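Asks: With the first letter of the sequence shown counted as 1, position 38 gets the number 37 in numbering that gives the first Met the number 0; the numbers rise by one all the way through.
For every residue, glycine included, the Cβ atom is placed at its ideal position computed from N, Cα and C.
Values in this document were obtained by computation on a predicted structure and should not be read as measured data.
The structure follows.
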Amino acid sequence: MLTILLGIISAGTIITILKKATTMSSFWVVVLGVLGFVTVQIIVALVLRFKMNKINGALQQVMLETQKTLERKQQMFIRQRNTNQTMLRMQLEAEQKKGIEAALEVIEQFRPLCLWNLMIKKQMTTMKMAFNYQMRNWQEVDKLLPGCTFLDPQTVCMKLARMYKNKDEGLDKYYKKGTRLLRKESLILPAATYSWILLKQDRKEDALRVLNNTLKKTESAILTQNRDAIVNNKLKQFSNAELAESWYVLALEEPKMQKVQQKVVYR
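The following block contains the structure:
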């Protein structure tokens, strides 16, 4: 990592110069060398933060513009009284894809910074994985997953979903590992996702245990309803639909298209 290397070089240079040019004691020479190292780390960190904030701002702007475009398309569809749901979905997906591709281009601006901080590379990889996931570019997602960090419920569930689709035998072990640092409300989406997977694997008792254990740590109407559905043997009532986009983005289920509302105009 260049930050540490530059700090070591700076500290070494300071120590060498002070030893040759002054009669300063070795203790103070070392102290000033360490201060030089720390100063370099602070300066580099501040520069990196500035550059990262600038890139993040550009990324947020791209996503904001994409969201506005999607909303505008949807409103236009309603005003035109067009009830072709398939056409609407295709147009929205096309616009979303354009926005995601633009976002991926912005993310590439992080690449030069990766040489200065290894965590930036992991953050960059995680963002790329999440955007590719939205485009359902599964080959790229599976390629990026090993280099990601999983610190939030959504990315944890993305990995759970891909492990399920790929029939990965480590899925159960990963659920425990992936949720170890999550607390309260952040446990809801992973528990809902994992219990859904367990039901698909005909492991009803395991799904019930997961829901019960999670409900001891946090309150959730969705998890409670799903638990009751299992207890009462009404598995068709098990549903994560109320989790909305957080659930459907995992591509384990497709949302039901809502009919376009048309306003009746009286003359």
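Starting from the N-terminal side, write out each stretch of the alpha helix (DSSP H) that is 4 residues or longer and does not extend beyond the stretch 120 to 181.
Replies: Runs of the alpha helix (DSSP H) spanning 4 or more residues and lying entirely within the stretch 120 to 181 occur at 137 to 143, 152 to 164 and 170 to 177, in chain order.
Asks: In this structure, how does DSSP classify residue 264 when only helix, strand and coil are distinguished?
Replies: Confidence is the limiting factor: at residue 264 the pLDDT is only 34, short of 50, which leaves the residue's position unreliable and the question unanswerable from this model.
Asks: Start and end of the alpha helix (DSSP H) containing residue 198?
Replies: 187 to 199
Asks: Is residue 291 buried or exposed, if buried means 16 or more other CB atoms sit within 10 Å of its CB?
Replies: Here the chain has residues from 0 to 266 only, and residue 291 is not among them.
Asks: Please name the residue in 112, 184, 129 and 182 whose C-alpha comes closest to that of residue 99.
Replies: 129
Asks: So is residue 148 buried or exposed if we call it buried at 16+ other beta carbons inside 10 Å?
Replies: exposed
Asks: Taking the alpha-carbon of residue 41 as reference, which of 174, 72, 29 and 116 has the nearest alpha-carbon?
Replies: 116
Asks: Grab me the residues of residue 135's own chain with a C-beta within less than 8 Å of its C-beta, minus the 5 sequence neighbours each way, in chain order.
Replies: 250
Asks: Locate the alpha helix (DSSP H) running through residue 110, then write down its first and last residues.
Replies: Counting along the chain, residue 110 falls outside any alpha helix (DSSP H), and DSSP gives it neither H nor E.
Asks: Roughly how far, in whole angstroms, is the beta-carbon of residue 331 from the beta-carbon of residue 186, given that I think they are within contact range, below 8 Å?
Replies: Nothing can be reported for residue 331, as the shown portion of the chain is limited to 0 through 266.
Asks: Can you tell which of 45, 59, 248 and 70 has its C-alpha closest to the C-alpha of residue 103?
Replies: 59
Asks: If you measure between the beta carbons of residue 222 and residue 245, is that distance less than 9 Å?
Replies: no
Asks: What would DSSP say about residue 14, mapped onto helix, strand or coil?
Replies: helix
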